[in-house]
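S.K.: One structure follows; several queries about it will come next.
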Amino acid sequence: MKLLSKKQINKLLEELDKLYPNPKCELNYSTPWQLLIAVILSAQCTDKRVNVITEELFKKYGNLEDFIKVSQDELERDIKSAGFYRNKAKAIKGCAEKIVFKFNGKVPDTMEELTELPGVARKTANVMLGEYFKKNEGIAVDTHVLRLSQKIGLAEFSTPAKIEKELMKKIPKEKWADISLQLILHGRRVCKALKPDCLRCKLNEICKKNQAEKQ
């Protein structure tokens, strides 16, 4: 399957801006550390489920010190419905300790420092930088971004790291945070993995897979 041309990519960006102007992360949070914890919980879990969990979690734990003090077992029980709760609880406690003791209680705002935190890789760091700190240092590639990038014809690679590099070469830097959120929203609302709604998709004339299937 051929990839999109530069002209087609520009058209795609225009259409996404029309469909999802000023896209926002759908996780609920008030502070940077709340967003960080929500993003950690969101791995292999829906934002809807995470928001249900954090509604009670952030009432119980009012600051990072509370996450340091709580036992691993108790925190696991509080987040169990997010899945992979043991690893997530360990990551949350580890992040809280490092932020409090190394970064004086402030969530760091650079890729290098964020990826020092336990359980925080590039995708999580990109979400934090783009959503909260309004910095475009990379593109967060989740399952939706990976799937749609390949389907539409934005990327030929199949791993998040390679797709991120490919997208960063093709998408203007000021659009890096937006393109990730826009593809995620489109993947959730229209181009769903199990049942894509191609009939009402506004990207039909651009989508390489859709065009290939018509031939």
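Each residue of the sequence shown is one higher than the one before, counting from 128 in the working numbering. All residues carry an ideal CB built from backbone N, CA and C; glycine is no exception. If you're wondering where the values come from, they're calculated on a predicted model, not measured in any experiment.
How long is the line joining the alpha carbons of proline 148 and lysine 138, rounded to whole angstroms?
M.R.: For the purposes of this step, residue 148 is taken as residue 21 along the sequence shown, with counting starting at 1. For the purposes of this step, residue 138 is taken as residue 11 along the sequence shown, with counting starting at 1. If I take the Cα positions, the gap works out to 15 Å.
S.K.: If you follow the alpha helix (DSSP H) that cysteine 328 is in, where does it begin and where does it stop?
M.R.: As a working mapping, residue 328 is identified with position 201 in the sequence shown. Per DSSP, cysteine 328 belongs to no alpha helix (DSSP H) and is neither H nor E.
S.K.: Return yes when the Cβ of alanine 165 is within less than 7 Å of the Cβ of threonine 181, no when it is not.
M.R.: Residue numbering aside, residue 181 sits at position 54 when the sequence shown is read from its first letter. Residue numbering aside, residue 165 sits at position 38 when the sequence shown is read from its first letter. Their beta carbons are under 7 Å apart, which means threonine 181 touches alanine 165 by this criterion.
S.K.: Would DSSP call serine 132 helix, strand or coil?
M.R.: Here residue 132 refers to the residue found at position 5 of the sequence shown. The answer is coil: DSSP assigns serine 132 none of H, G, I, E or B.
S.K.: Give me the Cα-Cα distance between isoleucine 226 and glutamate 264, rounded to the nearest whole angstrom.
M.R.: As a first step, residue 226 is located in the sequence shown; it is residue number 99 there, counting from the start. As a first step, residue 264 is located in the sequence shown; it is residue number 137 there, counting from the start. One C-alpha to the other measures close to 21 Å.
S.K.: Any contact between the region 291–306 and the region 254–272? By contact I mean 3 or more CB pairs, one from each, below 8 Å.
M.R.: yes
S.K.: Is it a yes or a no for the region 246–255 touching the region 187–196, going by three-plus beta-carbon pairs under 8 Å?
M.R.: no
S.K.: Hey, out of Cys334, Gln277, Gln309, Ala339, whose CA is closest to serine 150's CA?
M.R.: As a first step, residue 150 must be located in the sequence shown, where it is residue number 23. This sequence places proline at residue 150; serine is not what is there. Between proline 150 and the set Cys334, Gln277, Gln309, Ala339, the nearest pair of CA atoms involves Gln309.
S.K.: Which value, in whole angstroms, describes the spacing of the CA atoms of glutamate 141 and glutamine 135?
M.R.: What you label residue 141 is simply residue 14 of the sequence shown in a count that begins at 1. What you label residue 135 is simply residue 8 of the sequence shown in a count that begins at 1. Rounded to whole angstroms, glutamate 141 to glutamine 135 spans 10 Å at the Cα level.
S.K.: Does glutamine 199 pass the burial test, meaning 16 or more other C-beta atoms within 10 Å, or should it be called exposed?
M.R.: Position 72 of the sequence shown holds residue 199. That one is exposed.
S.K.: To the nearest angstrom, how far is the alpha carbon of lysine 217 from that of lysine 207?
M.R.: Numbered from its first residue, the sequence shown carries residue 217 at position 90. Numbered from its first residue, the sequence shown carries residue 207 at position 80. Using only the alpha carbons, I get a separation of about 12 Å.
S.K.: Classify lysine 250: buried if its beta carbon has 16 or more other beta carbons within 10 angstroms, exposed otherwise.
M.R.: By 1-based counting over the sequence shown, the position of residue 250 is 123. Counting Cβ neighbours within 10 Å, lysine 250 comes out buried, since at least 16 surround it.
S.K.: Buried or exposed for lysine 278, going by 16 or more other Cβ atoms inside 10 Å?
M.R.: Taking the first residue of the sequence shown as position 1, residue 278 is located at position 151. Lysine 278 is buried by the Cβ-count criterion.
S.K.: Using a Cβ-Cβ cutoff of less than 7 Å, which residues in the same chain neighbour glutamate 224 once the five nearest sequence positions on both sides are dropped?
M.R.: Your numbering for residue 224 matches position 97 in the sequence shown. Ile195, listed in sequence order.
S.K.: For the alpha helix (DSSP H) that glycine 189 lies in, which residues bound it at each end?
M.R.: In the sequence shown, residue 189 corresponds to position 62, counting from 1. Glycine 189 -> no alpha helix (DSSP H), and no H or E assigned at all.
S.K.: Would you tell me roughly how many angstroms separate the C-alpha atoms of aspartate 324 and arginine 176, rounded to the nearest one?
M.R.: Walking along the sequence shown from the start, residue 324 turns up at place 197. Walking along the sequence shown from the start, residue 176 turns up at place 49. Aspartate 324 and arginine 176: Cα-Cα distance of roughly 23 Å.
S.K.: Out of curiosity, what's the CA-to-CA distance linking leucine 143 and glycine 232?
M.R.: Here the question's residue 143 lines up with position 16 in the sequence shown. Here the question's residue 232 lines up with position 105 in the sequence shown. The C-alpha of leucine 143 lies about 37 Å from the C-alpha of glycine 232.
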